[in-house]
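Participant:
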Amino acid sequence: TDEEALSAVSELEAFPLGTLTAREVKDVPFIAAAIDTFAMLNVLGLTAALLVIGVLVVYLQARQRSRTVSNVLSLRMGMRDRQAVRALVMELTAMLLAAFVLGASCGLVAGGLVAPLLNPLQTIPPSPLFAAPVGAVAWTVVGLALVAVVGGWLVHRRAAAVDLGEVLRLAE
């Protein structure tokens, strides 16, 4: 807490000329504006994630419909189940990874551009700290891999359950 930190500072041999707590910094107008900006970026990021999930579902349904003939024929002509699932997973992984790299790059560039402009103490400007969110990136990559595997498996399962005769009749 603030009280514990301030009491620890008072026990130092060399007492600082001034202390500034996080609560006080949040009241500085340009810091509050930056915090609000990043909160809005978080909301936009979550909205984009929901949009990506919706587009992914629509894509998987459209792909399943348009490629059902080729998937069914591939399976009937000797393609193994594992190969079909692997191909679908690789396709989904490439799409999701490309979207993630593009979004993460834009976010890191935006953060890198804004971080040097944040200066809580006008008289003693520190060099701003900018740390890339390595943990969040790692968990996101794990989540993308999981979504790709589950999506590929679901599309393959639906394609494998289709009757070849019915698909060929409807394709004409």
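The sequence shown runs 194 to 365 under my numbering.
Ideal Cβ positions, reconstructed from N, Cα and C, are used throughout, including at glycine.
#1: What residue range does the alpha helix (DSSP H) around G344 cover?
#2: So, using beta-carbon positions, are L422 and H349 closer together than 8 angstroms?
#3: If we count the other Cβ atoms within 10 Å of its Cβ and call it buried at 16 or more, is A341 buried or exposed?
#4: Taking a contact to mean a Cβ-Cβ separation below 8 angstroms, would you say L295 touches A325 in this structure?
#5: Identify whether M288 lies in helix, strand or coil by the three-state DSSP scheme.
#6: Residues in the same chain with beta-carbon distance under 7 angstroms from V330, minus the five sequence neighbours each way, listed in chain order, please.
#7: Which residue's Cα is closest to the Cα of A352: V245, T286, A255, A308?
#8: How big is the Cα-Cα spacing for A287 and V327?
#9: On the premise that A292 lies in contact with V343, defined as a C-beta separation below 8 angstroms, what is that separation, rounded to the nearest angstrom?
Facilitator: Taking the definition as stated:
#1: 327-353
#2: This structure does not reach residue 422, given that the chain is present from 194 up to 365, and the question cannot be answered.
#3: buried
#4: no
#5: helix
#6: A297
#7: A255
#8: 21 angstroms
#9: V343 to A292, Cβ: 17 angstroms. No contact.
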